[in-house]
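Peer 1: Here it is: the structure, laid out below.
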Ligand SMILES: *[C@@H]1O[C@H](CO)[C@@H](O)[C@H](O)[C@H]1NC(C)=O
Ligand SMILES: *[C@@H]1O[C@H](CO)[C@@H](O)[C@H](O)[C@H]1NC(C)=O
Ligand SMILES: *[C@@H]1O[C@H](CO)[C@@H](O)[C@H](O)[C@H]1NC(C)=O
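Numbering (mature numbering (1 follows the signal peptide of the UniProt record, and there is no 0)), first residue to last: -19 to -1, 1 to 445.
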């Protein structure tokens, strides 16, 4: 009946070559393991939307069921409840408008050999997580990698929103009105590429859309090739270039985030360099005409390890409680997770390599305090997202989706709560905030009460 049961021990062993051999662990009472089971009717659920280069957009449901037959403790189950292929061959980013229950998916269309073009797909998502009324539009430039739902100046919060897109190759900024008609299409090519070989390959490469927290209609676009951040201004009618912020040469800015200090007196901007693997911190001031001014205040090693060329910082985000800055680091394999399989009365564990998530504490100086380095639960943690409460982190790796528990007061990540296989890199992860009754109970589950599914077993197909 119960064929396999998995447990997890997350270990960190920096700079150690990882073993693939099976070994036995001391006997652990069965009551400490939770079996995977189907969600019983009426159980509480929360939901995620996941995009993957396997070519899908998927609704994932987490269900906290009451006592399972195997344990008296509640169990977390995870399953895919809807999957759709209308986001094309290379779904690369998801944005969620929870108010209108609209999910936006960008198709990067990495393989252009078949003459297929990059697209933006809009899904209506029902209260049951099913997709309907899918609209597929062209993006008016190739290689879209990131997009944001936003309101330009003159568009009311109540209006149907606009959408802004960063294009990686070649670098473009495009903006769409509520009917997906292109409003602005601006080349990012304004200067010479940065000093590294990878930067020289491309003229310009937009990587993300970051909105000005001051709601002045300004949109920032980090450019990995040119070591700068473009600033655009959008109104209802038009978008135009407002300026650029230069980064140190060789940074390769990928993703960034604003942070407003708890007393709301100071604004900072932190940007992660995919090439330098440094986080550059800027203090941000606003001049009278609303323009943003950036003053460099800090440089931090994002990986917290001696630098290596394989490192490739991916995501950077502030925790929902505004206290921590979190980055995902690819290409280091500096940690491992033990994936344990139970067969009959015995079980054996296999050690799998993992990249890292690093958490820093924020304070009003803009200088980061290094906190925890923790396994991301797999290789290539490209996207991650915390739920609104901040006690679960969903991480998109090369092999699937991993859910890590997180202590909201310390900011520290903990055990893997659940995982789900995908056939290729998970590229976008968003929580459906409207269904949030699971997390309040999650923290009551002791750390060892986790179940775990084998992962990283399939051949990893794509380089990032
Ligand atoms: C990290 O580990 C994965 C899985 O074992 C492997 O495919 C990859 O090549 C490793 N990367 C580096 C940089 O060692
Ligand atoms: C902020 O953090 C930095 C880095 O840990 C530290 O040097 C500094 O003293 C802190 N400042 C305040 C005001 O807490
Ligand atoms: C979070 O960590 C603190 C300090 O270690 C601990 O007292 C608290 O119980 C933890 N919270 C949860 C939900 O585990």
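Ideal Cβ placement from N, Cα and C applies to all residues, glycine included.
Computed from a predicted model, the values in this text were never measured in an experiment.
Is residue 177 near ligand 2, with its Cβ less than 7 Å from a heavy atom?
Peer 2: Result no, Cβ not under 7 Å from ligand 2.
Peer 1: Let me check one thing: in DSSP terms, what residues is residue 78 bridge-paired to?
Peer 2: Answer is 83, bridged to residue 78.
Peer 1: For the beta strand (DSSP E) that contains residue 267, what are its first and last residues?
Peer 2: Here the beta strand (DSSP E) through residue 267 covers 259 to 267.
Peer 1: Between residue 180 and ligand 1, is there a pair consisting of the residue's CB and a ligand heavy atom that are separated by less than 7 Å?
Peer 2: No, since every heavy atom of ligand 1 falls outside the 7 Å radius drawn around the Cβ of residue 180.
Peer 1: Excluding five sequence neighbours on each side, which residues of the same chain lie with their C-beta closer than 6 Å to the C-beta of residue 104?
Peer 2: Excluding residues within five positions, the ones whose Cβ falls inside 6 Å are 84, 112 and 115.
Peer 1: Report yes or no: do three or more beta-carbon pairs, one from the stretch 62 to 74 and one from the stretch 29 to 39, lie closer than 8 Å?
Peer 2: A contact exists between the stretch 62 to 74 and the stretch 29 to 39.
Peer 1: Within the same chain, show all residues whose beta-carbon is closer than 6 Å to that of residue 348, passing over the 5 residues directly before and after it, in chain order.
Peer 2: For residue 348, where only same-chain residues beyond five positions count, the Cβ hits under 6 Å are 279.
Peer 1: With residue 232 and residue 261 assumed to form a contact (beta carbons below 8 Å), what rounded beta-carbon distance in angstroms separates them?
Peer 2: At roughly 6 Å, the Cβ-Cβ gap stays under 8 Å, so residue 232 and residue 261 are in contact.
Peer 1: Please output, in chain order, the residues near ligand 2 using a CB cut-off of less than 6 Å to any non-hydrogen atom of the ligand.
Peer 2: Going by the Cβ distance cut-off, the answer is 344, 345, 346, 348 and 350.
Peer 1: Taking contact to mean 3 or more Cβ pairs, one atom from each stretch, closer than 8 Å, check whether the stretch 296 to 312 and the stretch 270 to 277 are in contact.
Peer 2: No contact exists between the stretch 296 to 312 and the stretch 270 to 277.
Peer 1: Does the stretch 329 to 338 come close enough to the stretch 236 to 247 that 3 or more CB-CB pairs lie under 8 Å?
Peer 2: No, the stretch 236 to 247 is not in contact with the stretch 329 to 338.
Peer 1: For ligand 1, any of its heavy atoms closer than 7 Å to the Cβ of residue 165?
Peer 2: No, the Cβ of residue 165 stays beyond 7 Å of every heavy atom of ligand 1.
Peer 1: Out of 65, 92 and 133, which has the shortest C-alpha to C-alpha gap to residue 110?
Peer 2: That would be 65, whose Cα lies nearest to the Cα of residue 110.
Peer 1: Thinking C-beta only, is residue 168 closer than 8 Å to residue 450?
Peer 2: Residue 450 is absent from the model: the chain starts at -19 and stops at 445.
Peer 1: So what's residue -13 in DSSP terms, helix, strand or just coil?
Peer 2: With a pLDDT of 32 at residue -13, under the threshold of 50, the modelled position of this residue cannot be trusted; read the value that follows with caution. Reduced to three states, the DSSP call for residue -13 is strand.
Peer 1: Quick one: is the Cβ of residue 300 within less than 7 Å of any heavy atom of ligand 3?
Peer 2: Incorrect: residue 300 has no Cβ contact closer than 7 Å to ligand 3.
Peer 1: May I ask whether a heavy atom of ligand 3 can be found less than 7 Å away from the beta carbon of residue 388?
Peer 2: Yes; taking the cut-off as 7 Å, the Cβ of residue 388 has a heavy atom of ligand 3 nearer than that.
Peer 1: Identify the continuous beta strand (DSSP E) that holds residue 386 and give its terminal residues.
Peer 2: Residues 381 to 387.
Peer 1: For a test of the three-state rule: what should DSSP assign to residue 217, helix, strand or coil?
Peer 2: Of the three classes helix, strand and coil, the one that applies to residue 217 here is coil, per DSSP.
Peer 1: Would you mind sorting residue 266 into buried or exposed? The rule is 16 or more other CB atoms within 10 Å of its CB.
Peer 2: Classification of residue 266: exposed, given that the 10 Å Cβ count is below 16.
Peer 1: For ligand 1, I want to know if residue 146 counts as a neighbour, meaning its beta carbon is within less than 7 Å of at least one of the ligand's heavy atoms.
Peer 2: No, the beta carbon of residue 146 sits no closer than 7 Å to any heavy atom of ligand 1.
Peer 1: Under three-state DSSP, which class holds residue 180?
Peer 2: The answer is helix: DSSP assigns residue 180 an H, G or I state.
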